[in-house]
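Numbering (the working numbering), first residue to last: 1 to 223.
No residue lacks a Cβ here, since even glycine has one placed at the ideal position from N, Cα and C.
All values derive from a computational prediction rather than experimental measurement.
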Ligand SMILES: NC(=O)c1ccc[n+]([C@@H]2O[C@H](COP(=O)([O-])OP(=O)(O)OC[C@H]3O[C@@H](n4cnc5c(N)ncnc54)[C@H](OP(=O)(O)O)[C@@H]3O)[C@@H](O)[C@H]2O)c1
């Protein structure tokens, strides 16, 4: 897809992978809407932050309503926002579990529902879901997070099959550990970390692949 002139919505653009993805999309000529709670430190004239708590369905609906009123139809959706909820299963509270599933999975479902009808009408569009290696294998302390990331992997594969015949591409990215604020305040301390700019470059490259080709799953690991 040629990114120039596209309307993109990226969730979680206040830091990390989402911030760099938004910046790269802007560099390539897209108009980008960033949905997150904290203000995004993006200084580009074609960037618009819509303050959104993605754990609140009504705020997601309001945000997409604003995009629809302000601009032409959405071409690209990147479901990137994520919440790291870690700990042994008996220590995870129901609220923590619901936060993990809510932000990592339910928000992606709701954002997808907002864009699919118009993408179907136009027979074009791209949805990129950011899963994790934790969406391919579980690990100690990862029950809530892994459940959410396995969930988004299954969600992605299903909508990929649903939408592929209609000209809409769905891609699921499975990064290993990335050098962002994600691990701060957790017991996790990965030995090797990837640069979030490079991960963003891979996400944007997947979008740029010509429309006739569908990169449905991309697994990225540190060497
Ligand atoms: N870092 C890694 O090693 C790694 C590895 C594999 C996959 N991932 C995935 O990559 C994605 C991005 O993570 P990151 O590493 O870039 O971490 P990050 O720097 O902590 O960014 C997380 C983003 O998610 C947003 N977010 C969290 N809860 C939200 C909520 N309730 N409503 C709206 N936005 C919310 C945050 O925005 P606000 O706080 O401003 O709301 C922030 O912009 C996540 O899905 C994560 O699971 C990360």
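Boundaries of the alpha helix (DSSP H) around residue 196: 196-208.
C-alpha of residue 162 to C-alpha of residue 116: approximately 11 Å in a straight line. Nearest in C-alpha terms to residue 7, of all of 127, 212, 222, is 127. Relative to ligand 1, the beta carbon of residue 25 is positioned no closer than 7 Å to any heavy atom. Unbroken beta strand (DSSP E) runs of no fewer than 3 residues, entirely contained in the stretch 33-78, are found at 47-51, following chain order. Taking all protein chains shown into account, residue 64 has 16 or more neighbouring C-beta atoms within 10 Å of its C-beta and is therefore buried. In this chain, residue 117 is not harboured by any beta strand (DSSP E); it is covered by the alpha helix (DSSP H) spanning 107-122.
Distance between residue 43 and residue 90, taken at the CA atoms: about 43 Å.
Distance between residue 195 and residue 15, taken at the CA atoms: about 13 Å.
Taking the Cβ of residue 37 as the reference point, at least one heavy atom of ligand 1 falls within a distance shorter than 7 Å. Shortest Cα-Cα distance from residue 144 to any of 86, 72, 174 involves 86. Going by DSSP, residue 126 is part of the beta strand (DSSP E) stretching over 125-130. Of the heavy atoms belonging to ligand 1, at least one sits nearer than 7 Å to the Cβ of residue 104. In this structure, the straight-line span from the alpha carbon of residue 190 to that of residue 213 is close to 34 Å. With a threshold of 7 Å, the Cβ atom of residue 222 does not count as near ligand 1, since no heavy atom of the ligand is closer than that.
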